[in-house]
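Have a look at the structure below, then the notes.
Numbering (this note's numbering), first residue to last: 1 to 308.
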């Protein structure tokens, strides 16, 4: 227990007083102060907005295996309470050590030791060395419950001298969350209630899509927005296989540029040419709608399709 207590004390000092740790290679004075609070500029879905944020820094915490604590792999987690149903991406202010090679990982969980709802990562080579910047992590098809607590769990591989720094603020500026620290690859966690990490979550109001398949002269599909807000970035994936000697193998992927308004439909058609039984699989999703998949068996006679 004494060893664990000392480890907790050292890591707490690193997190809360990181600016004064002389062993750190990071020089915060090298970063232009006026850019620290800026939001990362990335492509956004139509209607995507900032949901939760804590952009203020002043200290930092380590993620990974630092020389001060050899053999200990540190993970950090920040909780947040979303007000948008669809999580599209998260930006965090981070930097890496010159010896870091493994990617920076963010997992979304409803409990610290629960299952991952989603995981995103950025390779080490895309993150500044011994300096800091906003780095964005994209999430797709992630629907959260508004007003419920979630955790963004940040970690990297347990490799010697493989570590990152995540900027933070020690004045508890974010009222809807807190920080937790793990020293054993996320097996156990210690709460740190006076610190909040820097982060910005982006989200969308969610809607729901309905998909219908039918035969005739080709395979017809109809996508309907059955929710109350626009469906943005509607994407489709259609595969048709089968026929005599498995001669039919069609794959179509695409994205609709315009938003799909509530209760409106869009559609299309695929024209398989052949003879014999076929199998059809189609998926549709949007930036703010979960994926819907339909499958159907059928029969094709030249261009005419009968679906069961």
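Glycine included, every Cβ here is placed at the ideal spot set by N, Cα and C.
query: How about residue 80 and residue 105: are their beta carbons less than 7 Å apart?
result: no
* **Inter-residue Cα distance where the pair is residue 61 and residue 54** => 15 Å
For residue 128, which residues in the same chain have their Cβ closer than 6 Å to its Cβ, ignoring the five residues on either side in sequence? 95
Where the beta strand (DSSP E) containing residue 61 begins and where it ends = 59 to 64
Can you tell me whether residue 245 is buried or exposed, with buried defined as 16 or more other CB within 10 angstroms of its CB?
exposed
| field | Among 101, 137, 119, 97, the one whose alpha carbon lies nearest that of residue 131 | value | 97
- Helix, strand or coil at residue 228 [DSSP, three-state]: coil
Review point. Three or more beta-carbon pairs under 8 Å between the region 218 to 237 and the region 245 to 259, yes or no?
Key: yes
| query | Thinking C-beta only, is residue 83 closer than 7 Å to residue 159? | reply | no
Check: Where do the ends of the beta strand (DSSP E) carrying residue 83 lie?
Finding: That residue, residue 83, is in no beta strand (DSSP E); it is neither H nor E in DSSP.
Inter-residue spacing [alpha-carbon to alpha-carbon] between residue 92 and residue 300: 52 Å
At which residues does the beta strand (DSSP E) containing residue 276 begin and terminate?
274 to 286
- Determine, using beta carbons only, whether residue 180 and residue 191 come nearer to each other than 7 Å. yes
Just grab the DSSP bridge partners of residue 209 for me. 225
Considering only DSSP beta bridges, list what residue 112 is partnered with.
Answer is none; residue 112 lacks a bridge partner.
Helix or strand or just coil, what does DSSP make of residue 192?
strand
Contacting residues, own chain, Cβ-Cβ under 8 Å from residue 275 (five flanking each side not counted) | 243, 244, 300, 301, 302
Residues in the same chain with beta-carbon distance under 7 Å from residue 249, minus the five sequence neighbours each way, listed in chain order, please. 241
When you compare each of 194, 207, 68, 119 to residue 152 by their alpha carbons, which one comes out closest? 119
Tell me the residue span of the beta strand (DSSP E) that contains residue 267.
265 to 270
Top-ranked residue by Cα proximity to residue 167, from 56, 290, 188: 56
* To do: Using alpha carbons as the reference points, say which of 155, 59, 116 lies closest to residue 100.
  => 155
Open item on the list: As a quick exercise: from 188, 228, 170, pick the residue whose alpha carbon is nearest that of residue 114.
Closed with: 188
**Asked** Should residue 289 and residue 208 be called a contact, given that it needs their Cβ atoms to be closer than 7 Å?
**Response** yes
>> Just to confirm my understanding: we take residue 310, look at its own chain, exclude 5 residues before and 5 after, and list those with CB closer than 6 Å. What are they?
In response: Here the chain has residues from 1 to 308 only, and residue 310 is not among them.
Using 7 Å as the threshold, is the C-beta distance between residue 89 and residue 136 below it? yes
Would you mind working out which of 292, 281, 277, 285 sits nearest residue 305, comparing C-alpha positions? 277
As assigned by DSSP and simplified to three states, the class of residue 48: coil
Count the other CB atoms, across all protein chains shown, that sit within 10 Å of the CB of residue 13; report buried if there are 16 or more and exposed otherwise. Caution applies to residue 13, whose pLDDT of 46 falls short of 50 and renders its modelled position unreliable; the value that the coordinates give is listed next. Answer is exposed; the Cβ neighbour count stays below 16.
Practice problem: Output the distance between the C-alpha atoms of residue 194 and residue 76, rounded to the nearest integer angstrom. | Solution: 14 Å
Enclosing beta strand (DSSP E) for residue 303 [first to last residue]: Run containing residue 303: none; DSSP gives neither H nor E here.
Item to complete: Determine the direct distance from the alpha carbon of residue 201 to that of residue 17, and round the result to whole angstroms.
Response: Since pLDDT at residue 17 reaches only 43, below the 50 mark, its modelled position is unreliable, and the value read off the structure follows with that caveat. Whole-angstrom Cα-Cα distance: 25 Å.
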